[in-house]
Amino acid sequence: MKEKLYFMFSMIIFGAVGVFAKYIDLSSSKIAFFLSLIGAVFLLIIFVFKKMKVSWDLVRTNVLVLLIAGIALSGNWIFLFQAYKETTIANAALSYYFAPVLVIMFSPFVLKEKLSLKKVMCIVVALLGLFLILQNSTGGSTGNHLLGIGYGLIAAGFYAVLTLANKFIRGLDGLTITLLQLGLSVLLLFPLVLLTEGFNFSSLTGKSIFVLLLLGILHGGIGFYMFFAGMKGLKAQSIAVLSYVDPLTSLLISPLSSERECLCNN
127 MKEKLYFMFS
137 MIIFGAVGVF
147 AKYIDLSSSK
157 IAFFLSLIGA
167 VFLLIIFVFK
177 KMKVSWDLVR
187 TNVLVLLIAG
197 IALSGNWIFL
207 FQAYKETTIA
217 NAALSYYFAP
227 VLVIMFSPFV
237 LKEKLSLKKV
247 MCIVVALLGL
257 FLILQNSTGG
267 STGNHLLGIG
277 YGLIAAGFYA
287 VLTLANKFIR
297 GLDGLTITLL
307 QLGLSVLLLF
317 PLVLLTEGFN
327 FSSLTGKSIF
337 VLLLLGILHG
347 GIGFYMFFAG
357 MKGLKAQSIA
367 VLSYVDPLTS
377 LLISPLSSER
387 ECLCNN
């Protein structure tokens, strides 16, 4: 039960990201980098405060899976935030949340989990319900919606890889897993940002900095700790079903923002 609660709380935190990301005047790769960096620093402080130690033998044992997960985490963030920039929150959510379907589809082959009819029906009903809810929310704004939906689908693929890869990690606790993967994400994204666009912050406002710090701590730190800690005790197919708490949260929170259906570049 604790694992389910942790995972559901992480989905609630993740569900608010789309609304707040609209206030950050940075590229998607920069947002992903700083969320990873702020989240990693926040968790490192907790790690040191609790006097925890990393078992480097276990890290070496899991190094390949951790690297795959770190790449998936970085790709997931970059393409998800780009989807939010190109299209509406509703369109991005609709495309991104094909990720649970991908997890359901591949878990019998990758994890040897039995595919139950009940879970298949839950996913089908969830997708149908989500589509019906979102179809009235996709109009009324301009932007490259097709491209944004494409980015959302790519992000969904990375999310599925992240979920499945973490099921292969053995012996490491949730805090250590989160810290390591955020750290790997920082190392992967730093040269990407440096070589492609550099670190120019002239467009940043006070509001953007505040939201970036808030998302870094809540989303990058607390949210992903709950995500990985909860995931350890759940089957991949259960994770897929519970993942729909995230888009439902997005739909409930998005009306609170006056920019719910606006694009960042409008």
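Its first residue numbered 127, the sequence shown is counted upward by one per residue in the working numbering.
Ideal placement from N, C-alpha and C gives every residue a C-beta, glycine not left out.
Hey, out of the options, whose CA is closest to residue i's CA?
{"i": "Phe353", "options": "Lys211, Thr304, Leu254", "result": "Thr304"}
{"i": "Lys148", "options": "Ala209, Leu344, Pro373, Gly324", "result": "Ala209"}
{"i": "Tyr362", "options": "Thr322, Lys238, Leu301", "result": "Checking the sequence, you will find Ala at residue 362 rather than Tyr. For Ala362, the nearest C-alpha among the options comes from Lys238."}
{"i": "Tyr370", "options": "Val227, Ser242, Leu193, Lys358", "result": "Val227"}
{"i": "Leu95", "options": "Lys156, Leu131, Ile197", "result": "What is shown of the chain runs 127 to 392, which leaves residue 95 out entirely."}
{"i": "Phe327", "options": "Ile150, Leu131, Glu129, Phe146", "result": "Ile150"}
{"i": "His271", "options": "Leu344, Thr213, Thr331, Leu161", "result": "Thr213"}
{"i": "Leu313", "options": "Leu161, Leu206, Leu152, Phe133", "result": "Leu161"}
{"i": "Phe235", "options": "Gly356, Asp299, Lys333, Ala291", "result": "Ala291"}
{"i": "Glu323", "options": "Ser153, Ile280, Phe336, Gly297", "result": "Ser153"}
{"i": "Ile298", "options": "Lys240, Lys358, Phe336", "result": "Correcting the residue type first, residue 298 is Leu in the shown sequence and not Ile. Here the closest residue by C-alpha is Lys358."}
{"i": "Ile172", "options": "Leu377, Ala355, Ile379, Gly347", "result": "Gly347"}
Excluding five sequence neighbours on each side, which residues of the same chain lie with their C-beta closer than 8 Å to the C-beta of residue i?
{"i": "Thr375", "result": "Met137, Ile138, Phe140, Gly141, Ala142"}
Rounded to whole angstroms, how far is the Cβ of residue i from the Cβ of residue j, which I believe are closer than 8 Å?
{"i": "Ser350", "j": "Gly165", "result": "According to the sequence displayed, residue 350 carries Phe and not Ser. Indeed they touch by this definition, with Cβ atoms about 6 Å apart."}
{"i": "Ala286", "j": "Val250", "result": "Their Cβ separation, rounded to whole angstroms, is 17 Å, which puts Ala286 and Val250 out of contact at 8 Å."}
{"i": "Met178", "j": "Leu301", "result": "7 Å"}
{"i": "Gly274", "j": "Ala218", "result": "6 Å"}
{"i": "Asn202", "j": "Leu288", "result": "6 Å"}
{"i": "Leu360", "j": "Glu129", "result": "5 Å"}
{"i": "Phe224", "j": "Leu368", "result": "Going by Cβ atoms, the distance from Phe224 to Leu368 rounds to 16 Å, so no, they are not a contact pair."}
{"i": "Ile343", "j": "Phe207", "result": "So it is not a contact: roughly 17 Å between Cβ atoms."}
Would you mind reading off the limits of the alpha helix (DSSP H) that contains residue i?
{"i": "Ala286", "result": "271–292"}
{"i": "Val180", "result": "Segment: none, Val180 is in no alpha helix (DSSP H) and carries neither H nor E."}
{"i": "Thr302", "result": "300–322"}
{"i": "Phe129", "result": "Note on identity: in this sequence residue 129 is Glu, with Phe being the wrong assignment. Residues 128–141."}
{"i": "Ser376", "result": "371–379"}
Mapping the DSSP letters down to three states, classify residue i as helix, strand or coil.
{"i": "Thr213", "result": "coil"}
{"i": "Asp151", "result": "coil"}
{"i": "Gly359", "result": "coil"}
{"i": "Thr187", "result": "helix"}
{"i": "Tyr223", "result": "coil"}
{"i": "Gly347", "result": "helix"}
{"i": "Asn202", "result": "helix"}
{"i": "Leu338", "result": "helix"}
{"i": "Gly297", "result": "coil"}
{"i": "Lys245", "result": "helix"}
{"i": "Ser328", "result": "coil"}
{"i": "Lys156", "result": "helix"}
{"i": "Phe207", "result": "helix"}
{"i": "Leu161", "result": "helix"}
{"i": "Lys333", "result": "helix"}
{"i": "Gln237", "result": "Looking at the sequence itself, residue 237 is Leu, so the reference to Gln does not match. Residue state, collapsed to three classes: coil."}
Please return the same chain residues whose Cβ sits closer than 7 Å to the Cβ of residue i, not counting the five positions on each side in sequence.
{"i": "Gln307", "result": "Leu192, Ala195, Gly196, Leu199"}
{"i": "Phe135", "result": "Met352"}
{"i": "Gly283", "result": "Leu228"}
{"i": "Gly309", "result": "Ala166"}
{"i": "Val401", "result": "Outside the modelled stretch of the chain, which goes from 127 to 392, sits residue 401, for which no answer is possible."}
Between residue i and the rest of its own chain, which residues show a CB-CB distance below 6 Å, the 5 nearest in sequence each way excluded?
{"i": "Phe159", "result": "Leu315, Val319"}
{"i": "Ala366", "result": "Pro226, Val229, Ile230"}
{"i": "Asp372", "result": "Met137, Phe140, Gly141"}
{"i": "Gly278", "result": "Ala209, Ala218, Ser221, Tyr222"}
{"i": "Lys333", "result": "Tyr149"}
{"i": "Ser263", "result": "Bear in mind that the predicted position of Ser263 carries a pLDDT of just 49, short of 50, making it unreliable; the figure below should be weighed with that in mind. Here the set comprises Ala216."}
Please tell me whether, using a cut-off of 7 Å, the distance from the CB of residue i to the nearest non-hydrogen atom of the ligand FMN is below it.
{"i": "Ile343", "result": "This structure simply doesn't include the ligand FMN, nor any ligand for that matter."}
Within the 8 Å Cβ cut-off, does residue i reach chain B?
{"i": "Gly274", "result": "Absent from the structure: chain B. Only one protein chain is present."}
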